[in-house]
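Structure, as structure tokens:
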């Protein structure tokens, strides 16, 4: 992977260098040619100036206003010869002819009348009209290259040309000077362009190196878990499929799934920071305990995966995993609490136990589930063992199908105003109407959803269904708001507030008719992110509640800054009322704290009238529990508690409220 990226970067640098060299080369050629053109122009200007001097200082005075159309007298010829001999002798002029406007050669320095400019030559015509023509010619008389100048001759005072002076000037000296100047300039240009190219090459090298690093970083992030640094599920799949391909060619191995036992308890009791630290420790211990060719990956949540090429046989692999599990169980101290890490290992061997990655993963997961409910922590997949339908991967697939087939249902538990006994809000609790297993409680499938990406579509489904039910009972005359529980993972995404806003808009519901309940432990997971999400939801007008208050890690500073309108006292402090003195002190303190922060206070898990009476005397605002109702479909809640909003709830003794069966511990999406 790295070598391939390096080769790609080298090719990119070469292309970049060549691409930058091309414009530098073109620029150099253009500059050199431009300077050469300027050198030639300077030569022509010098020839024009020299011819003008000859015409003005030598030819015109010698003519003394003679009429060239009538020819030249011998005296004029002698004067011309005398005036031009010195220039010819010194070599500053190669050849000189004086022509009439009809093209007749009137005077030549060597007496020759041949080789003069033709009267039809545009250059001759231009000179006859009073303009000077200068050009560099080859094979000129007495010189290989020369500057030929056709200069108008003005011999009279009227300024009109009376003839044409044809002068050939040596170009060698001028060319040498131009060449020397050009060489110096070209040298400077080449050096400057080489410097420019070096700078561009350095920029291209730095850019391609940065791009390679960024590409490598992005690839690493896409294939590795950000918490532990281990390969993620995608890279684990690649490694497993590569190993499986080798297994088909005679190099078998093992695929292992590992799930930590009681990890949720660590999160709930010590906080998610401690849970994250535990995951990092587990990843490090697994890596250090295994061999260099083995692959260790974090698949999500508290689940890890291993790909083990067989160094020996099956027994050796199982012995290795037993040793790894024992090393993993070494005591670790988190938050001042000593813990022993326990884990369940599910093992399957390829290619004998499966010819595809999906089959191996399913079989290893099935074995791991058996390990969680058996006497040993390392279980090898056995096709003869009945497959458990409730293990996590199968459960994920079934739950995804349940969402698609709309097999989930919502039950509602009323929240009672203690002073009036009226219902103002109902809390939504999700159930799964399984086609084979019947009505399943949240505890049987929500942990699986929370360890996967299913929690987000599940939360969205609960919100949409709860708001649809809210519209139905509002139309029936029940003015209840609806409360929905949200997950820790929901509070870890800033887009969640936008999702809730969109669902409210789809349902046509006002934000103040929706309450969202977040657990205290969820707020402790990422205080900064959770605070932002809670703030964004509260800004929309959605009432926010802290659920299960008292068992988490919300500090007073968090309570002061969070946009929360309700505190719900956890049932563990309510169940001992009114007989337990410590519970009475704690509950009174929470009630006073909530009121001092401007929050309503609700007690959960109320099961007897004496508890309700004590809470009312203590100043608690609302309560929920089996004293009034177990969770029911909203239509049954409506039938049980009146036909209109604000109906007084009957006492448990007269409504036949059922004995608690564990529903009180359910969450909607937690």
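Residue numbers (the working numbering): -8 to 661. Yeah, the Cβ is synthetic: ideal placement off N, Cα and C, and Gly gets one too. Source: prediction; values computed, not measured.
Since residue i and residue j should fall inside the 8 Å C-beta cutoff, what is the C-beta to C-beta distance between them, to a whole number of angstroms?
i           : j           : result
residue 529 : residue 473 : The pair is not a contact, with the Cβ atoms about 17 Å apart (cut-off 8 Å).
residue 336 : residue 249 : 5 Å
residue 393 : residue 399 : 6 Å
residue 309 : residue 328 : Actually they do not touch by this definition, with Cβ atoms about 32 Å apart.
residue 71  : residue 98  : 5 Å
residue 422 : residue 430 : 5 Å
residue 301 : residue 245 : 7 Å
Quick one: Cα of residue i to Cα of residue j, how far?
i           : j           : result
residue 355 : residue 243 : 15 Å
residue 334 : residue 631 : 47 Å
residue 206 : residue 295 : 26 Å
residue 316 : residue 581 : 43 Å
residue 491 : residue 454 : 8 Å
residue 170 : residue 57  : 42 Å
residue 283 : residue 299 : 10 Å
residue 477 : residue 271 : 26 Å
residue 183 : residue 197 : 21 Å
residue 43  : residue 142 : 7 Å
residue 216 : residue 369 : 25 Å
residue 118 : residue 20  : 35 Å
residue 201 : residue 224 : 27 Å
residue 436 : residue 424 : 12 Å
residue 116 : residue 187 : 49 Å
residue 287 : residue 348 : 16 Å
residue 31  : residue 191 : 33 Å
residue 285 : residue 445 : 30 Å
residue 83  : residue 47  : 16 Å
residue 522 : residue 357 : 39 Å
residue 304 : residue 323 : 32 Å
residue 239 : residue 330 : 42 Å
residue 506 : residue 468 : 19 Å
residue 159 : residue 122 : 17 Å
residue 156 : residue 85  : 13 Å
residue 485 : residue 565 : 34 Å
residue 531 : residue 371 : 52 Å
residue 154 : residue 167 : 33 Å
Closest to residue i by CA distance: which of the options is it?
i           : options            : result
residue 318 : 170, 281, 388, 591 : 281
residue 411 : 497, 40, 607       : 607
residue 483 : 526, 500, 499      : 526
residue 475 : 502, 136, 598      : 502
residue 104 : 110, 111, 95, 602  : 95
residue 344 : 77, 586, 264, 247  : 247
residue 457 : 523, 495, 431      : 495
residue 26  : 126, 175, 45       : 175
residue 508 : 571, 268, 536, 262 : 536
residue 164 : 33, 179, 189       : 33
residue 218 : 230, 275, 203      : 275
residue 480 : 462, 448, 497      : 448
residue 102 : 90, 112, 342       : 90
residue 13  : 227, 185, 461, 375 : 185
residue 493 : 466, 311, 452      : 452
Please classify residue i: does DSSP put it in a helix, a strand, or coil?
i           : result
residue 95  : coil
residue 251 : strand
residue 234 : helix
residue 300 : strand
residue 438 : helix
residue 484 : coil
residue -6  : With a pLDDT of 47 at residue -6, under the threshold of 50, the modelled position of that residue is not reliable, and the figure given next carries that caveat. DSSP places residue -6 in helix when its eight states are reduced to three.
residue 568 : coil
residue 16  : helix
residue 426 : coil
residue 461 : helix
residue 538 : strand
residue 295 : strand
residue 170 : helix
residue 408 : strand
residue 443 : coil
residue 48  : helix
residue 335 : strand
residue 500 : coil
residue 472 : strand
Can you find a heavy atom of the ligand MN that lies under 7 Å from the Cβ of residue i?
i           : result
residue 321 : Ligands in the displayed structure: none, and consequently the ligand MN is not present.
Between residue i and chain B, is any beta-carbon pair separated by less than 8 Å?
i           : result
residue 264 : As a matter of chain content, chain B is missing from the structure shown, which is built from one protein chain.
Do the region 615 to 622 and the region 570 to 579 meet, that is, are 3 or more Cβ pairs less than 8 Å apart?
no
Looking at C-beta atoms only, is the number of pairs between the region 136 to 144 and the region 24 to 39 that lie closer than 8 Å three or more?
yes
With a threshold of 8 Å, are at least 3 pairs of Cβ atoms found where one atom belongs to the region 587 to 597 and the other to the region 622 to 630?
no
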